[in-house]
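Accompanying notes for the structure given below.
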Amino acid sequence: MSNEAWETLSNQAVGFCGILYFLALMAHLWQWASLRKVPVAAAARETVGAGVGRSPRRTADAWTEAEVADAAGEDTRRRVAMGERLGILLTVAAAAAHFVALLGRGLAAEPARVPWGNMYEFTLSGSFFVTLTYLVLLRKFKLGWLGPIVTGFVVTVLMVDVIWLYQPVAPLTEALNSYWLVIHVVSAVIATAAFTLGGFTSILFLLKERAERKARAAVPAGDAAADGSDAEAPVVRGYLARVPDLVGLDRLTYRLHAFAFPVWTFAVLITGPIWAHEAWSRYWNWDPKEVWAFITWVVYAAYLHARATAGFKGRNAAILALIGLATLWFNFIGINFFSTSSMHSYA
1 MSNEAWETLS NQAVGFCGIL YFLALMAHLW QWASLRKVPV AAAARETVGA
51 GVGRSPRRTA DAWTEAEVAD AAGEDTRRRV AMGERLGILL TVAAAAAHFV
101 ALLGRGLAAE PARVPWGNMY EFTLSGSFFV TLTYLVLLRK FKLGWLGPIV
151 TGFVVTVLMV DVIWLYQPVA PLTEALNSYW LVIHVVSAVI ATAAFTLGGF
201 TSILFLLKER AERKARAAVP AGDAAADGSD AEAPVVRGYL ARVPDLVGLD
251 RLTYRLHAFA FPVWTFAVLI TGPIWAHEAW SRYWNWDPKE VWAFITWVVY
301 AAYLHARATA GFKGRNAAIL ALIGLATLWF NFIGINFFST SSMHSYA
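Position 23 (the sequence shown) corresponds to 23 in UniProt numbering; numbering is contiguous.
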């Protein structure tokens with residue numbers, strides 16, 4: 001195939017994977033919508049609530065989605081399971097097309113190269129690794145509930161990438177023509193993907209914590225069970241009812257950040273300076289991207305240090321993790337629009 005044919009294939013694969021990601025998002029939304037259609041089915045159980053340790057005054061709208069699914073019967077459970085399987089299958093297919101887009105992008109250059117020559121290609125790679133990390137961790141951590149967040153995020157990033165960041169295929173600049181490019185970029189995008197998933201779980205933690213606080217405040221003082229179970233487990237409806245509890249979300253967020261941080265350290269404080277010395281004869285140049293990469297490192301170091309030494313958990317930890325995510329993505333994309341003197345102008 002000619003270089004032009006490879007570039008065309010890459011562009012077509014980007015469009016195709018975008019469609020597949022969107023369909024995966026729709027499948028996941030259908031999965032959750034299947035539960036939203038049946039709250040009335042739980043009404044029949046309202047009168048027997050007292051017999052299972054629940055208040056008989058609780059209305060049908062107050063049941064959790066899991067309880068609603070049980071009350072609705074096998075048909076609803078089948079639709080929910082089908083929506084999740086279809087969403088995951090479409091995400092896998094989208095990731096395969098995404099990889100083809102990256103492969104075609106690299107083979108379209110003369111000579112063939114890794115697909116990391118400009119911001120369009122870096123963003124294409126970063127979004128691919130977010131999907132890949134999600135799929136790799138899917139079974140181990142049972143992340144099916146994260147499907148709509150991941151697919152929605154990747155669809156949005158791909159739209160931004162194609163509309164505002166697209167550049168034709170070109171040879172690597174002299175500074176990028178190094179084997180350190182592979183080492184540095186691979187480690188950076190792996191860490192970025194894990195940090196991003198950790199950011200998603202932090203957002204969900206804050207949303208669920210707020211929803212539980214509101215649900216707890218809405219329960220009349222005399223409506224709690226005698227054993228206090230309702231006060232300990234406030235009812236949360238909708239999508240948030242299907243994600244792990246706050247303890248599970250907090251633990252998963254910590255694990256993702258604990259994995260990503262040493263990888264980011266390797267990318268930013270080891271391979272980056274070595275490559276900079278090779279390309280520009282200096283280990284550190286106070287370049288805007290270098291500075292913001294270090295700021296990101298400091299924020300995440302503070303997050304992990306606080307978790308390890310002060311029992312820093314819950315809401316404050318989630319907020320700090322999101323500050324780190326903001327600095328990460330500002331460094332990745334945003335700083336390009338504010339700095340014209342960066343030595344990383346190609347990125």
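No residue lacks a Cβ here, since even glycine has one placed at the ideal position from N, Cα and C.
Computed from a predicted structure; not experimentally measured.
Check, Outcome
"Sequence ranges, alpha helix (DSSP H) only - wholly within the segment 167 to 219, length at least 4", "180 to 218"
"Exposure label - residue 276; buried when at least 16 CB within 10 Å", "buried"
"Run of the alpha helix (DSSP H) containing residue 251, from where it starts to where it stops", "246 to 265"
"Backbone CA spacing between residue 327 and residue 264 [nearest angstrom]", "13 Å"
"Given 8 Å, three or more beta-carbon pairs between the segment 10 to 24 and the segment 83 to 103", "yes"
"8 Å contact criterion, which residue 134 and residue 150 should meet: CB distance rounded", "5 Å"
"Where residue 143 falls: helix, strand or coil (DSSP)", "coil"
"Neighbour-count burial assignment, residue 177, 16 or more Cβ in a 10 Å radius", "exposed"
"Contact under 8 Å by Cβ, residue 324 with residue 122", "no"
"Residue 337 classed as buried or exposed, judged by whether at least 16 other C-beta atoms fall within 10 angstroms", "exposed"
"Collapsed DSSP secondary structure at residue 1 in the structure displayed", "coil"
"Inter-residue CB distance, residue 198 and residue 253 (contact presumed, cutoff 8 Å)", "5 Å"
"Whether residue 280 touches residue 185 by CB criterion (8 Å)", "no"
"For residue 117, the three-state DSSP class (helix, strand or coil)", "coil"
"Neighbour-count burial assignment, residue 257, 16 or more Cβ in a 10 Å radius", "buried"
"Backbone secondary structure at residue 283 - three-state DSSP", "coil"
"Proximity below 8 Å, CB of residue 301 to CB of residue 320", "no"
"6 Å Cβ shell around residue 202 - same chain, five flanking residues per side excluded", "253, 318, 321, 322"
"Cβ-Cβ separation, residue 148 to residue 25 (assumed contact under 8 Å), whole Å", "6 Å"
"For residue 294, the first and last residue of its enclosing alpha helix (DSSP H)", "288 to 309"
"Collapsed DSSP secondary structure at residue 102 in the structure displayed", "helix"
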